[in-house]
Each structure stands twice: as structure tokens, then as C-alpha cells.
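First comes the structure, then the notes that go with it.
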Amino acid sequence: SSLKKKISFNPLTLSVLLILCGVFFYLTEIPFLELMELKTIDLRYINRGSSQADSDVVLAVIDEESIDKEGKWIWPRSKMANLVKKLSESGARVISFDIGFLEADEKSVVKAIEDIEKNLTMLDAKDRSYLEALKRSSDNDRLLADAIAESKAKVVLGYFFQMEKLHSGDFDEALLRNQQKNIQSSRYAQVKFHSEKAMDAPLITAQVANANIASISQATPYSGFFNMFPDKDGVVRWIPAVIEYADEMYAPLSLMTLSAFKDSQPLVVVAEYGVEKIQFDDMTIPTDELGRIMINYRGDAKSFKHIPVTDILSGKVAESELKGKAVIVGATAIGIYDMRVTPFTSVFPGVEIHASIVDSVLRGEFLYHPTWAAVFDILAIFLAGLLLGMVLPRTGVFLGVLTVSVLFFGHIFFCQYLFSSQGWILNMVYPLLVILSVYISITVYKYLSESRQKRFIRSAFSTYLAPTVVQQLIDSPEHLELGGEEREITAFFSDVQGFTSISEKLTPHELVELLNEFLTEMTNIILEHKGTVDKFEGDAIIAFYGAPNALENQAETACLTCVDMQKRLGEMREKWHQEGKPELKMRIGLSTGPAVVGNMGSRSRMDYTMMGDTVNTAARLEGVNKIYGIYTLVCETTFKKASRRVWGREIDSINVVGKAEPVTVYQILGYAEDIDETMLKMTGLYAEGLHLYRQRHWDSAIEKFDAALNISPDDGPSKAMKDRCAIYKTEPPAQDWNGSYTMKSK
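So for the sequence shown, the working numbering puts the first residue at 1; every next one is plus one.
See the structure below:
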């Protein structure tokens, strides 16, 4: 039982469950949510904006202008050789090609010269030297290879890997060996494994290399692959820093460009889980476990300086624009370049992606998940969820929405700030998902709890309250103070006259049937007047007015209830007389004043009830009725507040058991409009007799009471007061008598 209480379902428990679900989803990486997280990273790029600052990286672009002036693509390699020479002469530090020279030139002119050499046997040394020079100048592959080899700028060649398995026979072993030989210049010379197990760490693996031709490959010690792998949504956010091929690791074009630019060999550090980092001297390039670098885009397309190749070839570019720069050569003309989808646009030249990597490393500005990111993400999920779990159940709608908004948008702005200022990528989706889930769940929980509370109120009070009152409590449950509150109420007590003797004459079935009929009719009248039935004690009805619902005219309403009940009981007596059943008469006591009302009792059994002196007084007045032979007695407070609608008369002042001060009591006779002249005359005589009685004029008082009895022979108060005067004639009260009558019992 105690364990059940500790794990009882409540908003905090609900929050903890949602937090645990959030952490579980975070650790298992739900594909849809991971995709949403990638989209938030795109938004962070866009919100950060573009940077047009100077860079050591420029792009020599084969654009529409260059194609118009230099001829349609693909250009002869002699033109590319000329480009290398021009860039070298302009003082470029590195020339990188985002273009592959993967197949040998046709060499038709060279073949023709070779045929001439074969057919002309009578050639002197001078002629042979001329033909050899002519053949060499016509060999475009050789021209490019020589230009690369002779370049003052370091040249980095690009190639690509085939990632899918190819059919056997597509490549023979000799060709594969040659291709592997031609990409050795992009192999990582330095690889550090943390352990033997790290050697089996999962890496991106290629099947076949598509290298540059041997003569060009051997002209430079630098090359790198230009493969790119979009995420599932087609957006390029990462570039592989490591691809494993034939048990060796290879570097991308961007990092080999850096290697040439910095004249430094990169080091790959591999742990058991995968790639830990790429090290350039004292600079660390962060990667994920697959060895991918997140691309720190400077912005939309043309964030780097684009220089048309045709301008370089024609000498229109100032040396200052190229000197000391890393120049990446690539195509940007529509139709010939590899269009990529990036966070900024769906039309983005691939050459700029390589430039972005080179530039971000040179500036030392990276985008990455810090080593503590996972701890922060999980902590954010826990703290946000717990805070909402504690705050939301205790707040109203406005404060709840405000709290959720501060947490939700605060996390977004915090993640954006760290992305823009530090390059740190913290998870946005899972904490936001937990924030929304907790808010929605607790809101639904509160709604269902309120619905349950309303059902509880309806079930708890529908038997005792009028439907309109129950609805009022449901609409405004704050009016119901659970645990008790002090309010002004009008307490109601009723009892059936002589019920014990009546019950002895009936069988149990007849008794229950008669009692149920009586209680049903009387209770309906109480509920019609918006009273609250406290309880039934056998034939007795205990009720009150003014709680839990507020009644401005509660005393008057209670008195009207009594009139209606006595009228209805008179009608029922006629019916019971015809049926041969006992004719019940009911005594009622009313008292208006302060009392404590609320749910009282034990934890397992509570009643909405009333307590206090006002309650005790009403109970006493019900019993006082029999002294005067009447059926409805109310205290002075009740009568004065109800005298507009009902007619009554003062009966006496009595000292009830448990009260120090005498209580003036009144009899309710009916609606004011129903009182006739006879009743007015009789009550007037009784009032005169009561006045004389209090003046100790016993004989004069008796005369007045007799006169009242002549008009209404069955008037119980006149009989009682006449008899009391007769007693006081022989046994007068004490000299300090204040006119009140002391009750001998409760």
C-alpha cells in the first residue's frame, strides 16, 4: 500500500515517464526525430546568416562566361595546363582540382606523328628531334603533367571512389592495382590507433577507386577524393574526412589542399568506437565516429570569391587576387557542375563545399558536437521535464503557457547562440519534444482530473444538492473548501412526531415504504430551494442553506422551505388517511448564524457537514416545538431576515441547554399573503398575552391567551403559555427573572 502511494499516478510521475521516453528516444536515435534535428541545424545555419569576410581560399570557376569564351566543355588538357601555369605565375600557393582527369586523351595527333616516324626511315637527328618535340607538344596529358610537375604552386588532384560493389569482371586485378597506386598521394601517412580493437572500428568503406591517369597522378604528391554523401533528406551537411579502401585510409580533396597549404601531414586518431579526430600539427579537426566533418558553410552560394577561368587565362586577374591563395578549380556553369543541396539552397556548387572545409580549418572555426553534448542534452531533457512537472500542476493557464514558452524558446535561442558563437551543436528536438509532451500531457491530465473532480462533485453532492447547485460547484469548484471553512448558514433540523410509536405498529416493509415516501417528498422540496441535505438519521432530516453554494436570502429560503414542506405534508396526510396509513407530522427547527462547513471525518470516510453553535441551536429548537404544540420554530436571526415573505409570530424566549444567553424563538405560520384576518387577530391577542406574561401580569395574560383560544381552540402556544401563567401564579419566578423560560432537557 505504501509503495503504491509512492508511485501513484500524478503529474510529476507522468513527467518522469515522458522524460525517460525522451532519453530513450535520444539514445536510440529515432529516424524521424533525427531528421527533424537535422532540419533544426539547417535553420541554425540560416539564422546565423552569411559571412563575406576575406579568405585564403578563392575559386577558379568554369562558369558560363568561361565556356562562352574558351569553348564548350570538356576543354583540352592543354588549356588546363595553361591554367596551371598562369596560376603558378600569379603566385598561387595551392591549386586544387575539383575535376578528375580520369581517362587518357585520344592523342590522335601523337599517333599520326608516330606513324610518320615509322614510315620515314631516312630521318636525321634534327628531324627526329623536331618530331619528338612536336609529338610532346601535341600530347595534352603530358602537357598537363609537365605543367603540374613544374608548377611553383602545389597541385592537388581530385578523384572519386566507387562506393557500391561492382560486378566481377568490370575491373581486372591489374587495373585495380594501378588505380590504387595512382591514389597513393591521398593516403594518410599517419594513422594512430588507440588499441588493437580500434583497428576494427567501423569506417566508411569504398569498393573501387577511380583515379586520375598515371602520368598526371605521378606529377604531384597530392591528391584527394571529392566524394560527398548527402543525409537522408538530400542535404549535404558532412564531408567524409576518412574513407577506407583496401585496408588503408584516404583523405578528401579539402584536407589534402590544407596539407599542401600548411605543408603538414594530417594525423588520423582512431579509437575503439571510430574516428576520434584529425590532427594538423597543433590544430584538431573534430569529426564524428565515422570520420565525418560537419561543413561550416559561410553562407549561400558565392560566399567565396569566384574568378572566371577565362579571366585567368587571358591575364585579366591581378596577381594580388591569387598570390598566396589556395585556388580550387571547379565548374559552376549550369549543366556541367555537380549541384548540391545545402542548408541555404538547393543549387550549390560542390566546389564551394570543399572551399568551406578548407576555409573553416584555416580560420579554426568548426561545427561539432562537443564531448559533453550528450550529457547536456540528457540533462536538458531531465531538467526541463522535471521543472514543468513541478510547476504546471500548481499554476494557471497563463503562467503555465509562460513557463513553457520561456523553456521552449529559451532552449532554441540558447542552442542558436552556441551554434553561432562557438560552433557547438546541441540537440534541439528531444528537449523541445519533452517540453511539449510534458505540457500537453499535464494539460490533458489536469483536464481529465478536473473532469474527474467534477464527476466526484456531481456524484458526491447530487443526492444532497439541487442540480443547479451541483452545476455551480462544478463550474466553480473553488467555492468548495475541502477541509472546512467558516460561513454563515441556516441550519435545518426536522423530526417526525411520535415516530417510535408509529414504527411499532408497522411491519419493517411498511415502515421503510412510508419513510422513503416521506423523505423523498421532503428532500425534493429542500433541493428545489437549493438547500444542502447533510444526512438522514432515521426519520430525521438534517440540512443547511448557504453552503457550499452561496444564497443571498438563505434564511428566507429556509423558512419558505418549511412552509412548503408543512403544506406538502398536510396533503400527504390526507392521502395516507384514505390509504389507512399513519399520518406523519414533522417538527422543524431553524437557526441562522456562523458555522464550520466542509468535508469532515476520516481519510477513508468523509461527509460534507456542518458544526457549531448555530447547528446546536437549530437542533434544540426542533425539540422545543413539542413544548408549545407547534411544528416550525426558528431563531430571531432567521425570522428577521425572512420576515418579508413569511408570516410568523414570536413565541417565547428560552434558555436552551448549552447556551448562556436566552434565545427568542418564532413560529412560522405560512406565506405572508396566505394569512387571513382570523389568524391576524389570534396572533395579535397572543402577542398581547406574551407581553403581559413578561410583565408578570399572570391573570391579564391568561385572559389574552383565552381570547386567542376562543378564536383558535387548537393553538398550542396559547395553551402552553396559559398553563405556565397558572403555575407562575402560585410559584412565581425569581425576582431577577428576565422573561425567558428555561428548558429542562435538550
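The C-beta atom is built at its ideal place from N, Cα and C for all residues, glycine as well. What you are looking at is a predicted structure, and each value in this text was computed from that prediction instead of being measured.
Tyr-337 sits in coil when the DSSP states are folded into three classes, being neither helix nor strand. Straight-line spacing of the CA atoms in Ile-336 and Ile-312 works out to 20 Å. Tyr-430 and Phe-344 have their C-alpha atoms some 24 Å from each other. In the three-state reduction of the DSSP assignment, Arg-177 falls in the helix class, which pools H, G and I. Secondary structure in the region 309-359: the alpha helix (DSSP H) runs of 4 residues or longer, each lying completely within the stretch, are 309-313 in chain order. The shortest C-alpha to C-alpha distance from Leu-362 to any of Thr-284, Met-679, Ile-378 is the one to Thr-284. Contact check for Glu-244 and Thr-205: beta-carbon distance about 5 Å, within the 8 Å limit, so the pair qualifies.
Counted as a single uninterrupted DSSP element, the alpha helix (DSSP H) harbouring Gln-422 occupies residues 397-422. Distances from the alpha-carbon of Leu-407 to those of Ser-421, Leu-432, Gln-416 put Leu-432 closest.
For Val-57, DSSP records a beta bridge to Ala-326. DSSP places Val-84 in the helix class (H, G or I) of the three-state scheme.
Counting only residues of its own chain and dropping the five nearest sequence neighbours on each side, Gly-629 has a CB closer than 6 Å to the CB of Gly-716. Under the criterion of beta carbons closer than 8 Å, Cys-559 and Ile-668 qualify as touching, at roughly 5 Å.
Following the DSSP letters along the chain, one finds Tyr-693 inside the alpha helix (DSSP H) bounded by residues 677-694. Arg-340 is classed as buried because its beta carbon has at least 16 other beta carbons within 10 Å across all chains shown. Secondary structure of Glu-248 (DSSP, three-state): strand.
Cβ-Cβ distances below 6 Å link Gly-400 to Leu-392 in the same chain, with the five nearest sequence neighbours on each side left out; the list follows chain order. For Arg-644, the secondary structure class from DSSP, reduced to helix, strand or coil, is coil.
The region 212-220 and the region 229-247 do not touch, with fewer than 3 CB-CB distances between them shorter than 8 Å.
If the five residues before and after Gly-91 are omitted, its C-beta is found closer than 7 Å to the C-beta atoms of Glu-319, Leu-322, Lys-323, Gly-324, all from its own chain and listed in chain order. Contact fails between the region 34-50 and the region 438-446, because fewer than three Cβ pairs, one in each stretch, are under 8 Å apart. Across the structure, Phe-24 and Leu-258 are spaced so that their CA atoms are roughly 40 Å apart. Taking 9 Å as the cut-off, the beta carbon of Val-57 is found closer than this to the beta carbon of Phe-304. Sixteen is the threshold: since fewer than 16 other Cβ atoms of the shown chains lie within 10 Å of the Cβ of His-509, the residue is exposed.
Per DSSP, the beta bridge partners of Cys-635 are Val-665. Cβ-Cβ distances below 6 Å link Gly-612 to Ala-595, Val-596 in the same chain, with the five nearest sequence neighbours on each side left out; the list follows chain order. Comparing alpha carbon positions, the residue from Leu-102, Glu-504, Met-565 closest to Asn-524 is Met-565. In terms of CA proximity to Arg-187, Gly-158 leads the group Ser-195, Met-163, Ile-213, Gly-158. Burial check for His-577: the Cβ neighbour count within 10 Å stays below 16, so the residue is exposed. A Cβ-Cβ distance of about 13 Å is found for the pair Ser-51 and Gly-423, leaving them out of contact under the 8 Å criterion. At the C-beta level, Ile-702 and Thr-592 stay beyond 9 Å of one another. If you check the CB distance, Thr-617 and Gly-589 come in under 9 Å.
Burial state of Pro-230 is exposed, judged by a 10 Å Cβ sphere holding fewer than 16 other Cβ atoms. Restricted to the region 210-272, the alpha helix (DSSP H) segments that are unbroken, complete and at least 4 residues in length are 214-217, 253-262, listed in chain order. Residue pairing of Thr-507 in beta bridges, as defined by DSSP: absent, with no partner found. Contact between the region 646-664 and the region 675-691 is present, with at least three C-beta pairs closer than 8 Å.
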